[in-house]
Every structure is written in C-alpha cells, then in structure tokens.
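Quick note: the sequence shown, position 292, residue 292 per full-length UniProt numbering, numbers continuous.
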Amino acid sequence: MAMTAVRETPPASRSAPDAGHEAADAGLEAVFEATLAADERVEPRDWMPDGYRATLIRQIAQHAHSEIIGMQPEANWITRAPSLRRKAILMAKVQDEAGHGLYLYSAAETLGASRDELLDKLHSGRQRYSSIFNYPTLTWADVGAIGWLVDGAAIINQVPLCRCSYGPYARAMVRICKEESFHQRQGFESLLALSQGTPEQHAMAQDAVDRWWWPSLMMFGPPDADSTHSAQSMAWKIKRHSNDELRQRFVDICVPQAEALGLTLPDPELRWNDERGHYDYGAIDWDEFQQVLRGNGPCNEQRLTRRRRAHDNGAWVREAASAYAAKHGPEER
Ligand SMILES: [Fe+2]
Ligand SMILES: [Fe+2]
Numbered sequence: 001m002a003m004t005a006v007r008e009t010p011p012a013s014r015s016a017p018d019a020g021h022e023a024a025d026a027g028l029e030a031v032f033e034a035t036l037a038a039d040e041r042v043e044p045r046d047w048m049p050d051g052y053r054a055t056l057i058r059q060i061a062q063h064a065h066s067e068i069i070g071m072q073p074e075a076n077w078i079t080r081a082p083s084l085r086r087k088a089i090l091m092a093k094v095q096d097e098a099g100h101g102l103y104l105y106s107a108a109e110t111l112g113a114s115r116d117e118l119l120d121k122l123h124s125g126r127q128r129y130s131s132i133f134n135y136p137t138l139t140w141a142d143v144g145a146i147g148w149l150v151d152g153a154a155i156i157n158q159v160p161l162c163r164c165s166y167g168p169y170a171r172a173m174v175r176i177c178k179e180e181s182f183h184q185r186q187g188f189e190s191l192l193a194l195s196q197g198t199p200e201q202h203a204m205a206q207d208a209v210d211r212w213w214w215p216s217l218m219m220f221g222p223p224d225a226d227s228t229h230s231a232q233s234m235a236w237k238i239k240r241h242s243n244d245e246l247r248q249r250f251v252d253i254c255v256p257q258a259e260a261l262g263l264t265l266p267d268p269e270l271r272w273n274d275e276r277g278h279y280d281y282g283a284i285d286w287d288e289f290q291q292v293l294r295g296n297g298p299c300n301e302q303r304l305t306r307r308r309r310a311h312d313n314g315a316w317v318r319e320a321a322s323a324y325a326a327k328h329g330p331e332e333r
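Written out as structure tokens, the structure is:
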C-alpha cells in the first residue's frame, strides 16, 4: 500500500479574526459534515477539524503500536513450536502483525504524523499499546488462546473500523481483518487439538483460557460510562459501536465456541439471559486494567525494553535505506 504523506495546511489561525477566513472555514466544515452525513470517506487532502485529525493519529498510532508489540508474546514460542507445521503458521502470523503495523503507520502518515515521532512516543511511554500484550505467554497453549481470544476480540473491535469515516484507515482495516480472521481460526484449531489431546494437553489448554479470558474482555476498553473519547468518536463516525456493545458481542460469540472446544470460561456468573437475548457475565476487575495501563502489568517493562533494543539494532537498516533513496532519487524507486 503506497501512501504518500500529505499534510494539509492547518486551518487559519483563529487568533487573528478575519471574516473571509471564518466564512471559508465554515464552508469547509459544512463539506466535512456533509461527507460524514452521507457516510462517505474523508480523504487525506480533504479539510478536517484539528480534533478529528488528532484523534485519528492517536488511535491509529496506538493501534499500530499494538500490532508490533503484539509480535513479542507469540514470537516467544517460535523456536519451541511443537511441529514444523505449527512453526510455519506461527511465523506467518507474527509476520502478518508486522505488516499490520506497517499499514497503520502508513495510514497515520497520511494525516501528517511522522513515523519516527510516533515510534519515539511509544518508546518513551507517551503513547500506549493494548494492555493485553503485557501478559506473559507461559505455555504453548497460550499461542492458541491468543489466536482464539485476542485475535477474536481484535476482529470484533476492528470489523466496524472497516466503515470508519477516514478512508486510509478504513481501507487498511479491510485487509487487516481478513488476516485476523485467519489468526483467530488457527488459534481455535490449535486449542481444539490440545483440548482433544492427552489429559495434560487438555489441562494446558484450559489453563491458558483461564488466564486469557478476563484480559481479553478488557481489550474493549472501559465501560461506556467511563469511556472518555467515545461520544465524539461516534459523532465523527470513527467509532461505530460502544465498548460494552462490542464486549457483549464477543462474549456471545465465545460461549458456544468454548463449548465446541470442550473448554470452560472462568466465570461462574456466565449464563444465558432470555430477556436480554445475551449472555450475562461477571464483573471485570478494572483495577487490574488500570494497573496494567499504568505500566504495572507483568510484562510492560520487558516489552518496551525489547522494543527499544530492536529499534536501536535496526538503525543501520534505516540509514542504508535513506542513503539508497538519496542516491537513486524518487524516480527510480
Ligand atoms: Fe494484527
Ligand atoms: Fe492478529
């Protein structure tokens, strides 16, 4: 996906009121609103409110960071995959996640963000990535549980983003969701093999699901009542469904899948509610979520340290690529 970074001229400064500028801005804003109302896409060269641009950069960057940090917990098992087939699948999946990061950083660049700056914010802790990747992968079964639950939750979150109002983000998500769907299925298939294997393998699969279930539910973000950015993001059609709505959809999908796997979900309050037409589920430990967000999860330190080291080790590649580009010029690239 070749995307050129296009930085629109920011709207005229409001500190020097000018009737002409104000009228022009109002006209541009009306076009922007009409685009949203018609469910059409906002493109990089279109005028957009500063807040819309900033919200998208923050969200897309956080998403991109999650993709590349998310490579670490699973990469931990590549050398110890139980068969060549499993190893090849896992390598392909981890590589896909790097690709997702690439599409997303490119989408952020179309909004005028610099990739170096975004990575710097990740490395210095000024921008976040999904809290789920701060949990450890203790056994091989964790790879299956991540595919089934973490990639599964990602799909529920991301399918609506294919209709996001910002064109480059929406289009990146279409491709990403296709790959996430493969990730989810391979996780399910891997867990099924373990669940139907020896008693030890079954216990390992159950233990992994027990540890990943609640953190997966936290991936949908805080409850609607505490979600600070939601209302504006819904109005801008960046977000299409509330956190709780998506979380409920995930629970409803997972319960029958867990039955098919022959595994249980670690929630004694999980039961079908006829009146609501949904599964009820127990209370989520939001204190744990906040602790992990604040950097106190089991692996926060380890993930960022490894990420910074990988970035430093790759400096020579970036330098060589820049030198090559400078030597050959854009026409030969
Ligand atoms: Fe991904
Ligand atoms: Fe994935």
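The C-beta atom is built at its ideal place from N, Cα and C for all residues, glycine as well.
Being a predicted model, the structure only gives us computed values, none of them experimental.
Nearest CA to the CA of residue i: which residue from the options?
i              : options                           : result
serine 131     : Pro73, Lys237, His241 and Glu22   : Pro73
isoleucine 238 : Arg163, Arg85 and Gly51           : Arg163
serine 66      : Arg128, Gly297, Phe250 and Glu269 : Arg128
leucine 191    : Met204, Glu179, Gly99 and Ser181  : Met204
leucine 265    : Ala208, Glu22, Gly125 and Tyr324  : Ala208
isoleucine 146 : Glu97, Ala26 and Ala38            : Glu97
Measuring CB to CB, does residue i end up less than 8 angstroms from residue j?
i              : j              : result
methionine 219 : asparagine 313 : no
glycine 187    : glycine 144    : yes
serine 165     : leucine 246    : no
histidine 183  : leucine 194    : no
asparagine 243 : serine 233     : no
alanine 61     : alanine 113    : yes
tryptophan 140 : tryptophan 213 : no
proline 168    : threonine 228  : no
arginine 45    : alanine 170    : no
histidine 123  : arginine 307   : yes
alanine 108    : leucine 118    : yes
glutamate 189  : isoleucine 155 : no
Quick one: grab the DSSP three-state call for residue i.
i              : result
histidine 241  : coil
histidine 63   : helix
arginine 80    : helix
glycine 105    : Per the sequence shown, the amino acid found at residue 105 is tyrosine instead of glycine. Residue state, collapsed to three classes: helix.
histidine 100  : helix
tryptophan 272 : strand
tyrosine 52    : helix
histidine 229  : coil
aspartate 280  : strand
tyrosine 324   : helix
tyrosine 169   : helix
When the Cα atoms are used, what is the spatial distance from residue i to residue j?
i              : j                 : result
threonine 137  : valine 150        : 12 angstroms
alanine 310    : cysteine 299      : 16 angstroms
asparagine 134 : valine 292        : 7 angstroms
tryptophan 103 : phenylalanine 289 : Reading off the sequence, residue 103 comes out as tyrosine, not tryptophan. When rounded, the distance between both Cα atoms is 28 angstroms.
lysine 178     : alanine 54        : 27 angstroms
alanine 81     : leucine 28        : 55 angstroms
glutamate 319  : glutamine 257     : 48 angstroms
alanine 30     : alanine 235       : 14 angstroms
tryptophan 286 : aspartate 226     : 11 angstroms
histidine 241  : alanine 321       : 41 angstroms
Comparing the C-beta of residue i with each C-beta of chain C, is any distance below 8 angstroms?
i          : result
valine 317 : In the structure shown, chain C cannot be found, because there is only a single protein chain.
Exercise. For ligand 2, list every residue whose C-beta falls under 5 angstroms from any of its heavy atoms, going in chain order.
Key: The set, ordered by position in the chain, is Asp151, Glu180 and His183.
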